[in-house]
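Trainee: With the numbering used here as the guide, the letters of the sequence shown map in order to residues 456 to 517.
Think of the CB as a built atom: it goes at the ideal place given N, C-alpha and C, for glycine as much as any other residue.
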Amino acid sequence: MTNEKTDFSKNNEAKVSQEEAELLGQVLQAVRQIKFGYVQLTIQDGRVIQIDRTEKQRLNYK
456 MTNEKTDFSK NNEAKVSQEE AELLGQVLQA VRQIKFGYVQ LTIQDGRVIQ
506 IDRTEKQRLN YK
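1) What residue ranges within the segment 469-498 form continuous alpha helix (DSSP H) runs of no fewer than 4 residues, ordered along the chain?
2) Nearest-angstrom Cα distance between residue 479 and residue 512?
3) Could you check which residue in 508, 517, 516, 470 has the C-alpha nearest to that of residue 490?
4) Check whether the Cβ atoms of residue 482 and residue 494 sit closer than 9 Å, and answer yes or no.
5) Check residue 508 in the structure and name its three-state DSSP category.
Rendered as structure tokens:
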């Protein structure tokens, strides 16, 4: 498992294809739709093939 970080703020020349832009939009939408939880990407052969969104609901019993 590699742990690589990409700093897009320093590289404004990062070019993405239309397909990649649509994928980024779908990931962003999944993130924005949950308050607590996580978004998991499944990658096969270097391509995202699935986006899973798990939302946690906090219960406050007093």
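Mentor: Reading from the atomic positions:
1) Correct list: 473-487.
2) Start at 1 with the first residue of the sequence shown, and residue 479 comes out as number 24. Start at 1 with the first residue of the sequence shown, and residue 512 comes out as number 57. The alpha-carbon atoms of residue 479 and residue 512 are separated by roughly 25 Å.
3) Stepping through the sequence shown from its first residue, residue 490 is reached at position 35. In terms of Cα proximity to residue 490, the closest of 508, 517, 516, 470 is 508.
4) Looking up residue 482 in the sequence shown gives position 27. Looking up residue 494 in the sequence shown gives position 39. By the CB criterion at 9 Å, residue 482 and residue 494 fall inside the cutoff.
5) Position 53 of the sequence shown holds residue 508. Note: residue 508 maps to strand in three-state DSSP.
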